[in-house]
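Each position in the sequence shown, counted from 1, maps to that position plus 10 in our numbering.
C-beta atoms are modelled at their ideal positions from N, C-alpha and C, and glycine is treated no differently.
All figures in this text were calculated on a predicted structure; none of them were measured in a lab.
To keep things clear, I will list the structure first and then write my remarks on it.
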Amino acid sequence: MDNPGNAAVSITRAGAVAVVQVSYAPVNALSRPVREGLQAAARALAADPSIQAVVLHGGPGRFIAGADIKEMDLPLDEPVLPDVIAAIEAIPQPVVAAIDGFALGGGLEIALACDLRLATPKASVGLVETRLGIIPGSGGTQRLPRLVGTAKAIELIGEAKILKAAQAVELGILDRVVEGDLLAEAIRVAPQAAKRRVSVLPIPSRDETAEEAATQAAVKKGKGVPAIAAAAALLRETAGLAFPEGLKRERETFLPLRDSAEAAALRHLFLAEREAGRVPGLEGVSPREVKRVAVIGGGTMGSGIAIAVADAGLPVQVLERDAEAAEACAARLRDTYGKQVKSGRLTEAAAAERLALITPVHDWSLLAEVDLIIEAAFEEMGVKADIFSRLDKVAKPGAVLATNTSYLDPDAIAGFTSRPQDVLGLHFFAPANVMKLLEVVRCAKTAPDVLATGLAFGKKLGKLPIVSGVCEGFIGNRIYAVYRRHAEYLVADGASPREVDAALEAFGFAMGIFAVSDMSGLDIAWAMRKRRAATRDPAERYVTIADKLCEAGRLGRKTGAGWYDYASGKAQPDPVVDAVIAEERAAAGITPRTFSQQDIQNRLLAVMANEAAKIVAEGIALRPSDIDLVFTNGYGFPRLRGGPLFAADQMGLGPVLAEVEAAAAAGGKGSEPAPLLRELAENNSTFKEWQRRQKSPG
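In structure tokens, the structure reads:
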């Protein structure tokens, strides 16, 4: 027969079996050429009486990964996926899906329209659309519950679970795992396979209690993603409907979600993570081998880093100053793993296995054969100088030396060694074994393969590594300092701490900035302010409220009081703080004004975006979307808002610039509009468009 497919989809014959292969690099996403090819192939095969059966596959290691995310920002384009899947299901001959690799989202929806589903042991399947703020829109919500029941479908779709092939077989989503040659086996069994359309199966008997429990669990884990509640409601509503009516309701639910601001934000972050891995200058650069790791300093941060390393299966030594400190570190590690066992996150055996990978030591000579050494000691330059001078003598040639400093200059730290090319920053976020973000700081002399090693190591630990240049605070803390400073200006000018926090919580933050300060401790930022005091520009506005709280011993939750009082166990506004604020206003001659929640949200978003624009223009961050990843993964910025620069684009850079100009009037030197922000606003452009132009100039 003539091949009715296209360059993305081909048809070959194996006797009376038609073999349809999707070949669309890199992952067989359901882009328009794939949809066109599949639809054309399905229609041609349905009309060919010489065909006894059909096998659909994606080549070695692949099937169909899912939708082309980039197309989701565009209007729907024919043929739409539901029509493609309908054409596949309408083929009168049995259709076998041969799954190797991932069948996610639309890829699994296609497989569910086939009559038999075979997979290799390494295959994975799932309807993961809620991760992108949408629901399965091409029959997934209607076919899956016919195989697993409504409650289980709510769990799998609502929590966007990815199942290994064996798990999917156990649930009835796949029919069999094939240990040998998948394609050969699929061709062998296809002629004997029965037509078994999932769409005509009844939904198993329902359990309303289980459905409600699955809904609540998924919504809780999803942290406010509207698509999760929408998916659960749809699954429960359509469980009593005929398949065609269910499909109609699915599409009616899917389309508004596809066009929602929340889905656009989540798509942006998904694509941003892909882009973050592309670092100019590292093309073809191989990382150094890292088999053994050491951490210097076994405090809260150092212990957390060691746990993250052990959790990744790597042996790690934790160097402490003496035997007593090493034992204290060991006790801290045992306590952390004990809590994980108690909570059910780890079995006792798994905890023991990981704990055995961590060795607290106090002998520097034991670091001589380590591949990567991470300094996580006290944040004082003299301490860093001593450590890196000693490492220079102890570490083997080619060992990567990393500092976890938050604010000190890593170039200066690298200067304490004779091998600055081997030094970089690895800025973890507390708790280091939990937080996903890792700022990988490229120093002036960091060798390309050392930077590549930092990035590869971060990925090995399950982190999201983001490259940063050197500046005070790197990407995240530099912007956060501006955010905090302007929040304090708002308080000095008339807002209360609780009003600021309430506005931020309404925007989508889990906690407001003053509640976060109390949790982390006011003394951390206080120490930084004291360190900067000698070099602070007198033209920069300086609010002393936080300093006075610290001087009064109000350091946050750990002292029972900070911006709030915690005598009751919960954060409560405190008249003592009100008095300090009133004193600040009186000394500065400020007549307090009223700020609405929108005023507060706009001001703080604008100043974050403004500082971010400076960081991008300076080359500290590689691209705007990297900054969005830093804030959504390290600072609690709501993912449904897409990050500060995505949110600024949504607000419009003209209004953002106007807000920054107002903030500059309130904040003095250092708060001026960034030239890049002004340029984009005046040209009615966006950070997204600017980033696109940098990738393809001209």
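query, result
"As assigned by DSSP and simplified to three states, the class of residue 633", "coil"
"Neighbourhood of residue 707 by C-beta, 6 Å cutoff - its chain only, sequence neighbours within 5 removed", "Only weak support exists for where residue 707 lies, its pLDDT of 49 falling under 50; the value from the coordinates is given anyway. There are no such residues."
"Between the CA atoms of residue 237 and residue 267 - distance to the nearest angstrom", "7 Å"
"Own chain, CB closer than 7 Å to residue 689, minus 5 neighbours either side, in chain order", "none"
"Reference residue 623, options 390, 485 and 376, closest by Cα", "485"
"Beta-bridge partners of residue 669, as assigned by DSSP", "The partner list for residue 669 (beta bridge, DSSP) is empty, contrary to what the question assumes."
"Contacting residues, own chain, Cβ-Cβ under 8 Å from residue 557 (five flanking each side not counted)", "536 and 539"
"DSSP state of residue 695 mapped onto helix, strand, coil", "coil"
"Residue 119 burial status per 10 Å Cβ neighbour count (16 or more: buried)", "buried"
"Test: residue 513 CB closer than 8 Å to a CB of chain C", "Protein chains in the displayed structure number just one, and chain C is not present."
"Residues that residue 411 bridges to, as DSSP identifies them", "383 and 433"
"Beta-carbon contacts of residue 182 that lie in its chain and below 8 Å, excluding the five residues immediately before and after", "157 and 158"
"contact_flag[the stretch 83 to 95, the stretch 58 to 68] where n(CB pairs < 8 Å) is 3 or more", "no"
"Helix, strand or coil at residue 127 according to DSSP, with G and I counted as helix", "strand"
"3 or more residues per run - each beta strand (DSSP E) lying fully within the stretch 98 to 128", "105 to 109 and 112 to 114"
"Nearest neighbour of residue 16, chosen from 258, 28, 632 and 49 [CA to CA]", "49"
"Whole-angstrom C-beta distance between residue 514 and residue 235, which should lie under 8 Å", "That pair is no contact at about 19 Å."
"Every unbroken alpha helix (DSSP H) inside the stretch 445 to 503 [4 residues or more]", "458 to 470 and 486 to 503"
"The stretch 138 to 154 touching the stretch 274 to 281, judged by at least three CB pairs closer than 8 Å", "yes"
"Bridge partner(s) assigned by DSSP for residue 587", "BP columns for residue 587 are empty, so no partner."
"Burial state of residue 405, where buried means 16 or more other Cβ atoms lie within 10 Å", "buried"
"Beta-carbon contacts of residue 77 that lie in its chain and below 7 Å, excluding the five residues immediately before and after", "39, 40, 115 and 116"
"Beta-carbon contacts of residue 248 that lie in its chain and below 6 Å, excluding the five residues immediately before and after", "256 and 259"
"Residue 278 - DSSP class collapsed to helix/strand/coil", "helix"
"Distance cut-off 7 Å: residue 81 Cβ against heavy atoms of the ligand NAP", "Among the ligands in the structure shown, none appear at all, so the ligand NAP cannot be discussed."
"Reduced DSSP category for residue 284 - H, G, I as helix; E, B as strand; rest coil", "helix"
"Unbroken beta strand (DSSP E) run spanning residue 23, endpoints", "19 to 24"
"Inter-stretch contact (C-beta, 8 Å, three-pair minimum) for the stretch 635 to 654 and the stretch 664 to 671", "no"
"The stretch 337 to 354 contacting the stretch 392 to 407, beta-carbon criterion three pairs below 8 Å", "no"
"Span separating the alpha-carbon of residue 355 from that of residue 471", "17 Å"
"Three-state class that DSSP yields for residue 66 in the structure shown", "strand"
"Given residue 701 as reference, the closest of 693, 626 and 166 once Cα atoms are compared", "626"
"Nearest to residue 137 (by Cα), restricted to the options 424, 113 and 127", "113"
"Exposure label - residue 282; buried when at least 16 CB within 10 Å", "buried"
"C-beta contact flag for residue 328 and residue 314 at 8 Å", "no"
"Contacts around residue 436, its chain only, beta-carbon distance under 7 Å, and the 5 residues preceding and following it disregarded", "384, 412, 414, 448, 450 and 464"
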